[in-house]
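A.B. asks: The following block contains the structure, expressed as structure tokens.
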Amino acid sequence: MGKLILFTIQAGSFQTGFYLTLQICEDSCDRIAHPFATFTGKLPPCQPIRQHYQQWQESYRSLNQKVRLGSSPQQITHISNSCRQSASQLKETLSNWYNSSFPDFARVRENLLSELNRDESVRLLIQTEISELIFLPWHLFFEPFLSKYPQAEIAIAPIEYKSLNTPQKQRQNIRILAVLGNDEGINLKPDLETLNNLEKAEIKTLINPCRKELFAHLYEEEWDLFFFAGHSGKNPLTQQGQLYLNQEDIITIEEFNKAIMKSIQKGLRLAIFNSCDGLGLAKDLAALHLPQTIVMGEMIPDKVAHVFIKEFLANFAQNQTLYLAVRQARERLQELENEYPCATWLPIICQNPASLPLTWQNLQGLDFAPISIKTIKPPENFQHLVLETLINQTQLIIEYESLTETNTEVIVNYIDKDLSFAEDINRIISEAGGKNINRELKQEQVKNLGQILITNGGQLRADKIFHAVIYDYHNHSLTDRNLISTVISRCLNLSDSSGRNSIAFPFLSPVNSTVEVDEIGLIFAQEIVKYLEGNTKLNSVKIILQNYNQNKNITDEKLYRFYLSFKQYIELKKEINHRQSLLSDLVKIYQKRSMSSAVEILHLYQDSLNRFETEWINNRWKEKQENNSYDYQLPLENITQQINSQKSVVINEEIVTSLHQNYHEKAATIWQDLVNLEDEDEIIILLRKLGLDIDGFAWINDQYEIAIASVKARQKKVNEMLKNQVQQLEKGQELLQKTLVNLYQEGSLNKKEEGEERRLLFREYPKVDIKVKTEELPEEYRLEKISYSADKKALKEAIERGEDLSNYAKIDPNLKAQFGFK
1 MGKLILFTIQ AGSFQTGFYL TLQICEDSCD RIAHPFATFT GKLPPCQPIR
51 QHYQQWQESY RSLNQKVRLG SSPQQITHIS NSCRQSASQL KETLSNWYNS
101 SFPDFARVRE NLLSELNRDE SVRLLIQTEI SELIFLPWHL FFEPFLSKYP
151 QAEIAIAPIE YKSLNTPQKQ RQNIRILAVL GNDEGINLKP DLETLNNLEK
201 AEIKTLINPC RKELFAHLYE EEWDLFFFAG HSGKNPLTQQ GQLYLNQEDI
251 ITIEEFNKAI MKSIQKGLRL AIFNSCDGLG LAKDLAALHL PQTIVMGEMI
301 PDKVAHVFIK EFLANFAQNQ TLYLAVRQAR ERLQELENEY PCATWLPIIC
351 QNPASLPLTW QNLQGLDFAP ISIKTIKPPE NFQHLVLETL INQTQLIIEY
401 ESLTETNTEV IVNYIDKDLS FAEDINRIIS EAGGKNINRE LKQEQVKNLG
451 QILITNGGQL RADKIFHAVI YDYHNHSLTD RNLISTVISR CLNLSDSSGR
501 NSIAFPFLSP VNSTVEVDEI GLIFAQEIVK YLEGNTKLNS VKIILQNYNQ
551 NKNITDEKLY RFYLSFKQYI ELKKEINHRQ SLLSDLVKIY QKRSMSSAVE
601 ILHLYQDSLN RFETEWINNR WKEKQENNSY DYQLPLENIT QQINSQKSVV
651 INEEIVTSLH QNYHEKAATI WQDLVNLEDE DEIIILLRKL GLDIDGFAWI
701 NDQYEIAIAS VKARQKKVNE MLKNQVQQLE KGQELLQKTL VNLYQEGSLN
751 KKEEGEERRL LFREYPKVDI KVKTEELPEE YRLEKISYSA DKKALKEAIE
801 RGEDLSNYAK IDPNLKAQFG FK
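As structure tokens, then:
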């Protein structure tokens, strides 16, 4: 998206210098930016600036120009050379101020220039309430910076601000209220022509309106953009901005602030004042929390005003960001500076830091939050999602809750190498745990990335905090997969070796890292599972999905992507482990019976499963941009096909492998109806529709297991609300199992005889359909591990031949009608 830089000056003077804070943030879809780098410093003393600025202002205002200033025209014939000389002097003074070797500012300047990419868009906000600084031509001070970053532009911003959460309605045409005020001695027709030439814009023009007319349009209608052209200026006594509506009405922002506030609440997001001396207007509008305003810092010649608005709207309407459109229009004014000195100094953006930079599409309510990767919308109940499982004897939980309130002995914090404490997680931990945490941390010595620093938990429930050094704001690329894996492993090891039984990791999403949030979810799952499968005394490991951002949408989307990746790997790992366990059991049985070919084919399965996890993860890395949900089920099932293609080389005995038959389609339909039934008889009738298909019963049994486990996990969040649902599911599962046992005892589930052999179909993965002699398998294994399918084809053929069905299966009386028997 780009970068947002907050250059905040709150105290000081030209005699003693100004204290400042520099914060660098991702300019993303979040309304309130959270910095990933913060530096404090001081601008050096520079007493000549005030004098040189006043000299330039006096010489500029003495030019004999046709301007839009709301006062009587002055005919002072000062030559423009005086203005150019004072401008050159001010420019040199500001350049020397920026390039000063003063240590407290030099460090800030170097960090500013090293943290950005040349080709990314940059918004630099000068935050200050010091009037002497607000009026400075900051583009001259930051000229080396602007030269290095061609997509950067500067704005003035207040220190105190808030977002009004105005509605963002989609419309075909942008609604513009254009007010053309007092035009004595100037020409406003080019302004109006420029507006009327805009595409996808609906213009309402008020020419020399009275106050009542202006108020009515602001109150009663919805506007996206407010435009004013005409005379304006400042009240010499109050310094308030004034608009000259007509020959008689002069109005300040304060005098119609209620109307403007109403318009902002209805969706007004941009005001443009193509008139003189507009910083007073902008300051008053900032107090009303208008998102963006464009004004002229000084008197603006009529011709300069025409060129600026034409160039700006041409660029802006092509969906350039407002900042880039202003910069391009401002630089275009340079060709006029021979006739109109300092024309490029005039346009100024005034920004509410709580609002996003606008584009033309944004004003239409379109594409307000563009994201560079495919988004996944979190479900409405996202904050209630819980994944809870056991890895060996350790409980692994991932859930949405407060990190500072979680009940674990250790919580992990992510910090940067310079201990700037700019991270949101650190801020939340220090606020809840007390200032002693950061004081303790400052006493530690950071040697390298991946280091774990330990402090007490302060006022938190956790006994210890593990501060993982994972960020280097001078080189974001160092926060890679290997570093993330190392930090997770070290935290787990350290918690174990220090005798702690539980640890909580917060969600991690490094700024400017090359690692996507989906990959981070996989890395966490991999490292935690790998550790817990070893020898550990940990009882509990938690992943906390907490949204630290005041604007939820984008962060919740990242949290949900992390959750899906983590969950998918856990499910894959459990599936592979389950299959490997079954295969190991089968290998032992076949080895005892000297069934070498069967053993070989099972070894092929085992080898393929061992490779599958690595191959699947590698595919996830490759497909991270195109596919946020890379399913493992299909490629896992394809292993069977791969084995089949090699069986002629391996198999010497008569062993037949087959793909898992898809019983799920019919069973899934029945399951949808089953979960809503409460009557026992209705449940049994519905289960009978499976047609004695043991795999269908097995699949529905699995659904009961999954549903019960899911409900029990969420039970922590909703307590008694789901108690009845759990009981209902358990009752349904009990009826299913009773039905199955009864059918087995009745002989309704056919054990098909084929001479002296019995055809056995294993229920669990992998599905291996093998012809073996009955006595080759132990009876207890057969009862526990073998499932049988009713041979419907044999039954139908027997019906046609009129044979005795006792040769095929004993039919339950309730099922006779299904096969046409009386």
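Heads up: the sequence shown at position 717 corresponds to 717 in UniProt numbering, and the numbers run straight through without jumps.
Glycine is no exception: its CB is placed at the ideal position from the N, C-alpha and C atoms.
1. Within 10 Å of its beta-carbon, does residue 844 have 16 or more other beta-carbons around it, so buried, or fewer, so exposed?
2. On the criterion of 16 or more Cβ atoms from any shown chain inside 10 Å, does R269 qualify as buried, or is it exposed?
3. Measure the CB-CB distance between I349 and L279 and report whether it falls below 9 Å.
4. For D607, which three-state DSSP category applies?
5. Return the first residue and the last residue of the beta strand (DSSP E) that S540 is part of.
6. Buried or exposed: A157, going by 16 or more other Cβ atoms within 10 Å of its Cβ?
7. May I have the straight-line CA-CA distance separating I134 from I411, to the nearest angstrom?
8. Count Cβ pairs between the region 422-429 and the region 44-56 that sit closer than 8 Å; are there 3 or more?
9. With burial defined as no fewer than 16 other Cβ atoms inside 10 Å of the residue's Cβ, what is the status of L237: buried or exposed?
10. Can you grab the Cα-Cα spacing for the pair A287 / Y340, in whole Å?
11. On the three-pair Cβ rule with 8 Å, is the region 186-198 touching the region 211-223?
12. Just the Cα atoms here: how many angstroms apart are Q526 and E202?
13. Buried or exposed, going by whether 16 or more other CB atoms sit within 10 Å of the CB of R330?
14. Expressed to the nearest angstrom, what Euclidean distance is found between the alpha-carbon atoms of residue 831 and L677?
15. Select from I684, D679, I700 the residue whose C-alpha is nearest the C-alpha of Q672.
16. Just confirm the distance between the C-beta atoms of N208 and L243, as a whole number of angstroms; I'd bet it's less than 8 Å.
17. Quick check: the region 432-448 against the region 566-578, are there 3 or more CB pairs under 8 Å?
18. Per DSSP, which residues does D416 bridge with? Please list them.
19. Here's a check: name, in chain order, each residue in its chain whose Cβ is nearer than 8 Å to the Cβ of I452, leaving out the five neighbours to either side.
20. Assuming the contact rule is C-beta atoms closer than 8 Å, L538 and N501 should be a hit. Round their C-beta distance to whole Å, please.
21. Just how far apart, CA to CA, sit R561 and F505?
22. Give every residue of the same chain whose Cβ lies closer than 6 Å to the Cβ of F39, excluding the five residues on either side of it in the sequence, and list them in chain order.
23. Go through the region 218-287 residue by residue and report every complete run of the alpha helix (DSSP H) that reaches 4 residues or more, in order.
24. Using a Cβ-Cβ cut-off of 7 Å (strictly less than) and excluding sequence neighbours within five positions of L116, which residues of its own chain qualify?
25. With a Cβ-Cβ cutoff of 9 Å, do F105 and P44 count as a contact?
26. Give the DSSP bridge partners of residue 876, in chain order.
27. Helix, strand or coil for P103? Go by DSSP, reduced to three states.
28. How should I607 be labelled, buried or exposed, when 16 other C-beta atoms within 10 angstroms of its C-beta is the threshold for buried?
29. Would you tell me roughly how many angstroms separate the C-alpha atoms of S509 and E705, rounded to the nearest one?
30. Under the three-state reduction of DSSP, which class applies to C25: helix, strand or coil?
31. For I484, does the count of other Cβ atoms within 10 angstroms reach 16, so buried, or fall short, so exposed?
32. Taking the C-alpha atoms as reference points, what is the distance between S101 and Q85?
33. With 16 other CB atoms within 10 Å as the buried threshold, where does S232 fall?
34. How is the beta strand (DSSP E) around P209 delimited, first residue to last?
35. For the putative contact between Q10 and I126, defined by C-beta atoms under 8 Å, what is the C-beta separation to the nearest angstrom?
36. For the alpha helix (DSSP H) that contains R688, what are its first and last residues?
C.D. replies: Per the coordinate set shown:
1. Missing from the structure shown is residue 844; the chain here goes from 1 to 822 and no further.
2. Flag for R269 reads buried.
3. The beta carbons of I349 and L279 sit no closer together than 9 Å.
4. Of the three classes helix, strand and coil, the one that applies to D607 here is helix, per DSSP.
5. Start and end: 540-544.
6. By the neighbour-count rule (16 or more Cβ atoms within 10 Å), A157 is buried.
7. When rounded, the distance between both Cα atoms is 44 Å.
8. At 8 Å Cβ cutoff, the stretches do not touch.
9. Exposed.
10. Each residue's Cα considered, the two are about 33 Å apart.
11. They do not touch, by the three-pair rule.
12. Those two C-alpha atoms are separated by around 56 Å.
13. Buried, because 16 or more other Cβ atoms sit within 10 Å of the Cβ of R330.
14. Residue 831 lies beyond the stretch modelled for the chain, which goes from 1 to 822, so this question has no answer here.
15. The shortest C-alpha to C-alpha distance from Q672 to any of I684, D679, I700 is the one to I700.
16. The Cβ separation is near 12 Å, so there is no contact.
17. In short, these stretches do not touch, since the Cβ pair count stays below three.
18. Partner(s): Y471.
19. Result list for I452: F466, H467, A468, V469, V487, R490, C491, L494, in chain order.
20. A Cβ-Cβ separation of about 6 Å places L538 in contact with N501 under the 8 Å criterion.
21. In this model, R561 and F505 are separated by some 16 Å (Cα to Cα).
22. The beta carbon of F39 lies closer than 6 Å to those of L22, V108, N111 in the same chain, with the five residues before and after it left out.
23. Qualifying alpha helix (DSSP H) stretches, in chain order: 257-265, 279-286.
24. Beyond the five residues adjoining it in sequence on each side, L116 comes within less than 7 Å, by CB distance, of K3, V122, Y149 in the same chain, given in chain order.
25. At a Cβ-Cβ threshold of 9 Å, F105 and P44 count as neighbours.
26. As displayed, the chain neither begins before 1 nor continues past 822, which places residue 876 out of reach and without an answer.
27. The three-state reading of DSSP puts P103 in helix, counting H, G and I together.
28. According to the sequence provided, residue 607 is Asp. The question's Ile does not apply to it. With fewer than 16 other Cβ atoms from the protein chains shown falling within 10 Å of its own Cβ, D607 counts as exposed.
29. Straight-line measurement puts the Cα of E705 at about 34 Å from the Cα of S509.
30. Three-state DSSP puts C25 in a strand.
31. Buried is the call here.
32. Approximately 26 Å between the Cα atoms of the pair.
33. Within 10 angstroms of the beta-carbon of S232 lie 16 or more other beta-carbons, which makes it buried.
34. For P209, there is no enclosing beta strand (DSSP E), as DSSP marks it with neither H nor E.
35. At roughly 12 Å, the Cβ-Cβ gap does not stay under 8 Å, so Q10 and I126 are not in contact.
36. Annotation for R688: the continuous alpha helix (DSSP H) segment containing it runs 680-688.
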